[in-house]
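When you read off a place in the sequence shown, starting at 1, and then add 123, the result is the number in the working numbering.
Yeah, the Cβ is synthetic: ideal placement off N, Cα and C, and Gly gets one too.
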Amino acid sequence: MITEIDSLIYQAEAEYLAQKDLGLFKTQVLYLEERLKIYEQIRDQEAEIFQHVANQITTGFPDESEAKVSRAIKHWLMILRYCAMAMLSNDSKYLEDRILTWLPEQIVAHQLQNLEQTLYGYLQKCLKKDLGNEQYSILQPYLEQSQQVLLNQKPALEPV
């Protein structure tokens, strides 16, 4: 999205935008406005969302160490923030460059796959409820990208 807007601005340096391009520019601005509302809502409700998720995780994993639960929650706090920014800029590469290249190894190293998969499910439900289906569907591709990369990894070495 930002690159589309940048491209149109760059094009406008040489000549006025044609009506078709102005329509595209307006559409991009409207998309940006909608995404900004979603971003702000996530930002404003982050504490409540993750408190609910944390409560569900501690109930679902009563024997799991507090350190592991805390680490998994911190991972998904960070992931959601990066997903929100990737959604705002409509740039999945941003998400990949920032966390999807190194975080999977951390999840495997700390043996958090099951915990984080469950946490992802709880987070998904909370976000659908809090954002509503239409707004959630705009954020969803970035969450799914994260989930696919982070949680569908096979360990390089099988434990002996």
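Query: Would you report the Cα separation of isoleucine 202 and leucine 131, rounded to the nearest angstrom?; Result: 30 Å
Query: Identify, in the order they occur along the chain, each residue of the same chain with its Cβ nearer than 6 Å to the Cβ of tyrosine 243, setting aside the five sequence neighbours on each side.; Result: Gln270
Query: If we count the other Cβ atoms within 10 Å of its Cβ and call it buried at 16 or more, is tyrosine 139 buried or exposed?; Result: exposed
Query: Counting pairs of beta carbons, one from the segment 255-264 and one from the segment 187-196, are three or more of them closer than 8 Å?; Result: no
Query: For tryptophan 225, does the three-state DSSP call read helix, strand or coil?; Result: coil
Query: Take every Cβ of the segment 170-178, pair it with every Cβ of the segment 207-219, and state whether three or more of those distances are shorter than 8 Å.; Result: no
Query: Tell me the DSSP secondary structure of phenylalanine 184 in three-state form.; Result: coil
Query: Measuring alpha carbon to alpha carbon, tell me which of Pro185, Met210 and Gln229 ends up nearest proline 264.; Result: Met210
Query: State the Cα-Cα distance for the pair lysine 248 and lysine 143, rounded to the nearest angstrom.; Result: 39 Å
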